[in-house]
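*Asks:* One structure coming up, written as structure tokens, with questions to follow.
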Amino acid sequence: MDATVRADGAKPGIEPIEWVLRAAGPADVEVIAELRATVMRPDLERLGRFDEHRVRQRFRDSFSERHTSVIVVDGAFAGCVTVRPAEDGRWLEHFYLAPDLQGRGLGSAVLRTLLRRADADRVPVRLNVLQGSAAQRLYERHGFTVEAQDPIDVFMVRPPAAAVRRPPHD
172 MDATVRADGA
182 KPGIEPIEWV
192 LRAAGPADVE
202 VIAELRATVM
212 RPDLERLGRF
222 DEHRVRQRFR
232 DSFSERHTSV
242 IVVDGAFAGC
252 VTVRPAEDGR
262 WLEHFYLAPD
272 LQGRGLGSAV
282 LRTLLRRADA
292 DRVPVRLNVL
302 QGSAAQRLYE
312 RHGFTVEAQD
322 PIDVFMVRPP
332 AAAVRRPPHD
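Just so we're aligned: the sequence shown equals residues 172 to 341 in my numbering.
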């Protein structure tokens, strides 16, 4: 699952970022739980739902080493993403980037890589974001549309790209 890729600079004058995905392991749980708390805090506070313990514990309880990848930039932990198989496609979960790397094209580059894989398998990708989260705009730019929502969450889906064709099997 390792892949080295360059992110396109999201804004003029921003250098592309070289990154790699590696499989997550048990040692990654706490650093990811901490990043989750940091990244989600503003939105959870805005929604009146931030709890210091719960934000970390919910990740620990749902951590799937098998389906989680760690994003590495310059040899250091930069974020993570979970892509969980589902009956009707895949679920994109726990996609977090270190705050100092946000807005530089890295999230888009990682997302493009994951979506190409789903497109190759011709499966839709689903996810949910918190109401009012800036992440929703990122997902919309990559073809996700709102499928349902409630006062806390927005559920989104992206069908496989129509242009992707599987080669015929021999």
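Cβ coordinates follow ideal geometry from the N, Cα and C atoms, glycine included.
#1: Any chance the segment 291-311 sits against the segment 237-248, with 3 or more Cβ pairs inside 8 angstroms?
#2: With a cut-off of 8 angstroms on the beta carbons, I'd call L218 and L298 a contact; round off their distance for me.
#3: On the three-pair Cβ rule with 8 angstroms, is the segment 223-231 touching the segment 251-262?
#4: For the 8 angstroms Cβ check, are there 3 or more pairs between the segment 186-204 and the segment 278-286?
#5: Any idea what DSSP makes of E258, helix, strand or coil?
#6: For F248, which of L215, F326, G196 has the nearest alpha-carbon?
#7: Thinking R293 and H313 are a contact (beta carbons under 8 angstroms), I'd like their distance in whole angstroms, please.
#8: Taking I342 and L277 to be in contact with their CB atoms under 8 angstroms, please state how far apart those CB atoms are, rounded to whole angstroms.
#9: If you follow the beta strand (DSSP E) that Q320 is in, where does it begin and where does it stop?
#10: Who are the near neighbours of M172 in its chain, counting only those whose CB is closer than 7 angstroms to its CB and skipping five residues on each side?
#11: Let me know the secondary structure DSSP gives A334 once reduced to three states.
#12: Which runs of the alpha helix (DSSP H) spanning at least 4 residues fall entirely within the segment 196-276, listed in chain order?
*Replies:* Concretely, from the data shown:
#1: No, they do not touch.
#2: In fact, because the Cβ distance is near 17 angstroms, the residues do not count as touching under 8 angstroms.
#3: no
#4: yes
#5: Reduced to three states, the DSSP call for E258 is coil.
#6: Closest by alpha carbon: G196.
#7: Between H313 and R293 the Cβ distance is about 17 angstroms, and since that is not below 8 angstroms, they are no contact.
#8: Absent from the structure is residue 342, since the part of the chain shown begins at 172 and ends at 341.
#9: 316-320
#10: At M172, the pLDDT of 46 sits below 50, so the modelled position is not reliable and the matter cannot be decided from this model.
#11: Any reading at A334 must be qualified, since the residue scores a pLDDT of 42, below 50, and its modelled position is unreliable; no value is offered.
#12: With a minimum length of 4 residues, the continuous alpha helix (DSSP H) runs that stay inside the segment 196-276 are 200-217, 223-233.
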